[in-house]
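**Q**
2 protein chains.
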Amino acid sequence: MQRWVIGVDLGGTQIRALRTDLSGKKAARAEQLTLAQQGPQAVLSRILETVREVTAGISQEEILGLGIGAPGPIDSAGVVHDPPNLPGWKGVSLVDELAGPLGLPIYAGNDANLGALAEHRFGAGIGVDHLVYLTVGTGIGGGVISHGRMLTGWRGFAAELGHQTLDPDGPLCGCGQPGHLEAFASGPAIAREARKALEQGRSSTIPEHADGAVTAKSVAAAAMAGDALAIELLRQAGYYLGLGLANLIHTLEPQRILIGGGVSLAGELLLEPARQTVDQRLMSPVYRGVEILAAALGPDVGLMGAAALVMQEGGSPR
Amino acid sequence: MQRWVIGVDLGGTQIRALRTDLSGKKAARAEQLTLAQQGPQAVLSRILETVREVTAGISQEEILGLGIGAPGPIDSAGVVHDPPNLPGWKGVSLVDELAGPLGLPIYAGNDANLGALAEHRFGAGIGVDHLVYLTVGTGIGGGVISHGRMLTGWRGFAAELGHQTLDPDGPLCGCGQPGHLEAFASGPAIAREARKALEQGRSSTIPEHADGAVTAKSVAAAAMAGDALAIELLRQAGYYLGLGLANLIHTLEPQRILIGGGVSLAGELLLEPARQTVDQRLMSPVYRGVEILAAALGPDVGLMGAAALVMQEGGSPR
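Structure representation (structure tokens):
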């Protein structure tokens, strides 16, 4: 009998679902808008619709289970605890809400944690049993594989790797705390520094690459075209990223660190300054050799991770 | 047949060994000076002597194995990589050097990592499968239990929890890097801030509690006697400790954090400000509820951890 796995990514903007075989090969994919402002019940209905789309014509016995990733905080039991971009989701259990209507085993996790699982099983972290994954975008999230397993922490809230204080007097983070890595190296942080420099009269082609407001994307585009200010802004973000990575190397000592998310599309303009900072900030030469690389899986990483979670927890052979 | 386990702690000052039964009950204990300046071969001879003392009259078949803790960096294979307080130990394998002469299975680890293992098996972390242990003394070391297992990282160098950058412009750490937690909250850091305040003419009874030079111990003694400056210095150290603990909660989400080491003898004068800072710096209320407590095992924690390592790795029933 053919066996399938369903992976769902519940994002603030889009719901996406896919069906894969046990090797991770995609057989069907569907997506629709989340329309999060309509609240949990409407969104849950749309999740069910999207899942039905990718399971059309498939008998239930062929489906090993459904994995779903959601923005944190989400606990190990699959309960969503009021994430900023899912209004009304206070204590909603994804596992309970989906298991009844679908009649499938449901597994849920934080989307960034699942990103680590996806890269470990299908991406740039295959065979690497001590792995750190960072997604650098609107926020900075993370996931950790330790001794070959996803590190969840006590209640499932571990690996918020963007929320480490790098400077107690630093700029405010999206979470409201001062000086976190996210407040220095996320997309909005890079855009903030760009606007500040432009307001101070720095000459730059960044505005020419901006489609309206200046964003991290326009900074990256300008940097790739050789703009000196844009390159400097990415170097500054990469410096703070490197400080955070050195901390993570001392704490977790991964073999490899993978950087994904929209800001990582800036590539070596971000990664090379991060690597240089790590080299300078290691507490001892024994920590050398940790690889810092771009993640492999792109925007579907969360979906693939949700599928990988079913394979891990559903006991499928590796 | 009675079964025994040997635990050894190789410190910069002392070599200590004990023999316990499988419940951790001590049956024999011995110690002597390390005299580290005489180099690895002389120290290894003294380790063997100390072990022979605690195994006198015991047949080899009764001994499940020997665990040994050493100052980091020490890798998963038991090779010591040039720690500052063990001159000449560049690439010396404790496992190889001890296995031959003793004819026993040898297990080695970082002394602070083993502290976490000891507290988990015998101390204030029994039954807590997500545990962080920090030893705050001359330096700040750490150990992590995640999903019930010691987190070692790729090559065994994980859990250097004192070496996280809290302020890139902060004071130099013992490791040479700026602004690490250790540079703000270790014993020498507290003593440095005390001397600075006294030189600036702050009135305090700290010098009356000092036996010669002002140390963290004299600060703690003065604080316990109600000295305002001393209390403020411990609160400041506790503030930075709290920043570091909030980072660790976001990264590892332990159920409990245990603080040991000499500086932790200041007790609530250090822990209460650390807890207050953690409360203020959590990125979300979902992280509330992590316990921050004093460690239980005292100065023999490393020895107990070395014995616990044999029990873990030697496959003894829990």
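Chains as they are written, first to last, in my numbering: chain A, 1 to 318; chain B, 1 to 318. No residue lacks a Cβ here, since even glycine has one placed at the ideal position from N, Cα and C.
1) Taking its Cβ as the centre, do 16 or more other Cβ atoms sit within 10 Å of Q41(B), making it buried, or is it exposed?
2) State the CB to CB distance for the pair A221(B) and H209(B), rounded to an integer number of angstroms; the pair is presumed to be in contact (CB under 8 Å).
3) Using the three-state DSSP reduction, which class does R16(A) fall into: helix, strand or coil?
4) Who are the near neighbours of F122(A) in its chain, counting only those whose CB is closer than 6 Å to its CB and skipping five residues on each side?
5) Could you name the residues of chain B that F157(A) contacts, counting a contact when the two beta carbons are closer than 7 Å?
6) Along the beta strand (DSSP E) that carries N110(B), what are the first and last residues, could you check?
7) Have a look at G39(A) and R16(A) and give me their C-alpha separation to the nearest angstrom.
8) Please confirm if the region 274 to 291 of chain B is in contact with the region 137 to 149 of chain B, defined as three or more CB-CB distances below 8 Å between the two stretches.
9) Starting from R29(A), trace the alpha helix (DSSP H) in both directions and tell me its first and last residue.
10) I need the straight-line Cα distance from G176(A) to G109(A), nearest angstrom please.
11) Alpha carbon to alpha carbon, how far is A228(B) from W89(A)? Give it in angstroms, no decimals.
12) Is the shortest distance between the beta-carbon of T215(A) and the beta-carbons of chain B less than 8 Å?
13) Looking at the structure shown, is L282(B) part of a helix, part of a strand, or coil, going by DSSP?
14) Which residues bound the beta strand (DSSP E) around R256(A)?
15) With a floor of 3 residues, list each beta strand (DSSP E) that falls wholly inside the region 47 to 86 of chain A, ordered by position along the chain.
16) By Cβ distance, which residues of its chain are closer than 8 Å to I58(B), with the 5 residues on each side in sequence left out?
17) In the structure shown, what three-state DSSP assignment does I190(A) receive?
18) Would you say W89(A) faces chain B, with C-beta separation under 8 Å as the test?
19) Kindly confirm or deny that the region 260 to 280 of chain B and the region 182 to 193 of chain A touch, where touching means at least three C-beta pairs closer than 8 Å.
20) Under 7 Å between beta-carbons, which chain A residues line up against R275(B)? List them in chain order, please.
21) Run through DSSP, which three-state label would T165(B) get?
22) I want to know whether the region 110 to 118 of chain A touches the region 152 to 160 of chain A - three or more CB-CB distances under 8 Å.
23) Which of the three DSSP states is assigned to A294(A) in this structure?
24) Would you say the beta carbon of V132(A) is closer than 7 Å to some non-hydrogen atom of the ligand PLP?
25) Nearest CA to the CA of Q164(B): which residue from L151(B), G153(B), G141(B), W154(B)?
26) Starting from the C-beta of P101(B), find all residues in its chain whose C-beta is less than 8 Å away, skip the five residues before and the five after it, and write them out in chain order.
27) Please check if any C-beta of chain B sits within less than 8 Å of the C-beta of A246(A).
28) Could you name the residues of chain A that S146(B) contacts, counting a contact when the two beta carbons are closer than 7 Å?
29) Here's a check: name, in chain order, each residue in its chain whose Cβ is nearer than 6 Å to the Cβ of A266(A), leaving out the five neighbours to either side.
30) Can you pull the chain A residues whose beta carbon is under 7 Å from the beta carbon of Q177(B), in chain order?
31) With 8 Å set as the bound, which would you pick, yes or no: does the beta-carbon of Q32(A) sit closer than that to a beta-carbon of chain B?
32) On the three-state DSSP scale, how would you describe A198(B)?
33) Does the region 286 to 293 of chain B come close enough to the region 250 to 260 of chain B to have 3 or more Cβ pairs within less than 8 Å?
34) Name, please, each residue of chain B whose Cβ falls closer than 7 Å to the Cβ of L161(A).
35) So with CB distances below 8 Å, who are the chain A contacts of Q164(B)?
36) What does the alpha-carbon distance come out to for the pair L245(A) and E61(B)?
**A** Let's see:
1) One-based indexing of the second sequence puts residue 41(B) at position 41. It is exposed - the Cβ of Q41(B) has fewer than 16 other Cβ atoms within 10 Å.
2) Within the second sequence, the letter at position 221 stands for residue 221(B). Within the second sequence, the letter at position 209 stands for residue 209(B). About 4 Å; that satisfies the 8 Å criterion.
3) Position 16 of the first sequence, counted from the first residue, corresponds to residue 16(A). Looking at R16(A) - three-state DSSP - the assignment turns out to be strand.
4) For the purposes of this step, residue 122(A) is taken as residue 122 along the first sequence, with counting starting at 1. These residues qualify, in order along the chain: G24, M304.
5) Working through the first sequence from its first residue, we reach residue 157(A) at position 157. Simply E253, V286, Y287.
6) Translated into positions along the second sequence, residue 110(B) becomes position 110. Here the beta strand (DSSP E) through N110(B) covers 106 to 110.
7) Start at 1 with the first residue of the first sequence, and residue 39(A) comes out as number 39. Start at 1 with the first residue of the first sequence, and residue 16(A) comes out as number 16. Spanning the two alpha carbons is a distance of roughly 17 Å.
8) no
9) Translated into positions along the first sequence, residue 29(A) becomes position 29. Where R29(A) is concerned, there is no enclosing alpha helix (DSSP H), although the beta strand (DSSP E) it sits in stretches over 26 to 33.
10) Sequence index remark: in the first sequence, residue 176(A) carries index 176 (1-based). Sequence index remark: in the first sequence, residue 109(A) carries index 109 (1-based). Roughly 24 Å between the two C-alpha positions.
11) On the first sequence, position 89 is the one that residue 89(A) refers to. On the second sequence, position 228 is the one that residue 228(B) refers to. Distance between the alpha carbons of W89(A) and A228(B) is about 47 Å.
12) The count along the first sequence starts at 1 and reaches residue 215(A) at position 215. By this cut-off, T215(A) is not an interface position.
13) As a first step, residue 282(B) is located in the second sequence; it is residue number 282 there, counting from the start. Coil at L282(B), not helix or strand.
14) In the first sequence, residue 256(A) corresponds to position 256, counting from 1. Here the beta strand (DSSP E) through R256(A) covers 256 to 260.
15) 63 to 70, 79 to 81
16) On the second sequence, position 58 is the one that residue 58(B) refers to. Only W4, R19 meet the Cβ criterion.
17) Numbered from 1 along the first sequence, position 190 holds the residue referred to as residue 190(A). In the structure shown, I190(A) sits in a helix (DSSP, three-state: H, G or I).
18) Within the first sequence, residue 89(A) is the residue found at index 89, counting from 1. Not an interface residue.
19) no
20) One-based indexing of the second sequence puts residue 275(B) at position 275. The contacting residues do not exist; R275(B) stays about 16 Å from chain A at best.
21) Taking the second sequence and counting its residues from 1, one reaches residue 165(B) at position 165. Looking at T165(B) - three-state DSSP - the assignment turns out to be strand.
22) yes
23) Counting from 1 along the first sequence, the entry for residue 294(A) is found at position 294. Strand at A294(A).
24) Although the ligand PLP was asked about, the structure shown includes no ligands whatsoever.
25) Counting from 1 along the second sequence, the entry for residue 164(B) is found at position 164. Closest option to Q164(B), Cα to Cα, is G141(B).
26) Within the second sequence, numbered from 1, the residue matching residue 101(B) stands at position 101. Hits under 8 Å: L48.
27) Locating residue 246(A) in the first sequence gives position 246, counting from the first residue. Cβ-Cβ to chain B under 8 Å: yes for A246(A).
28) Working through the second sequence from its first residue, we reach residue 146(B) at position 146. Per Cβ cutoff of 7 Å: S146, L151.
29) Here residue 266(A) refers to the residue found at position 266 when the first sequence is read from its first residue. Answer for A266(A): A220, L234, listed in chain order.
30) In the second sequence, residue 177(B) corresponds to position 177, counting from 1. Residues of chain A passing the Cβ test: R281, M283.
31) The count along the first sequence starts at 1 and reaches residue 32(A) at position 32. It does not: the Cβ of Q32(A) has no partner Cβ on chain B nearer than 8 Å.
32) Here residue 198(B) is taken as the residue at index 198 of the second sequence, counted from 1. Correcting the residue identity first, residue 198(B) is Leu in this sequence and not Ala. Helix at L198(B).
33) yes
34) Position 161 of the first sequence, counted from the first residue, corresponds to residue 161(A). By Cβ distance, chain B contributes T251.
35) Numbered from 1 along the second sequence, position 164 holds the residue referred to as residue 164(B). The contacting residues are Q164, N247, H250, T251.
36) Here residue 245(A) refers to the residue found at position 245 of the first sequence. Here residue 61(B) refers to the residue found at position 61 of the second sequence. Roughly 46 Å separates the two Cα atoms.
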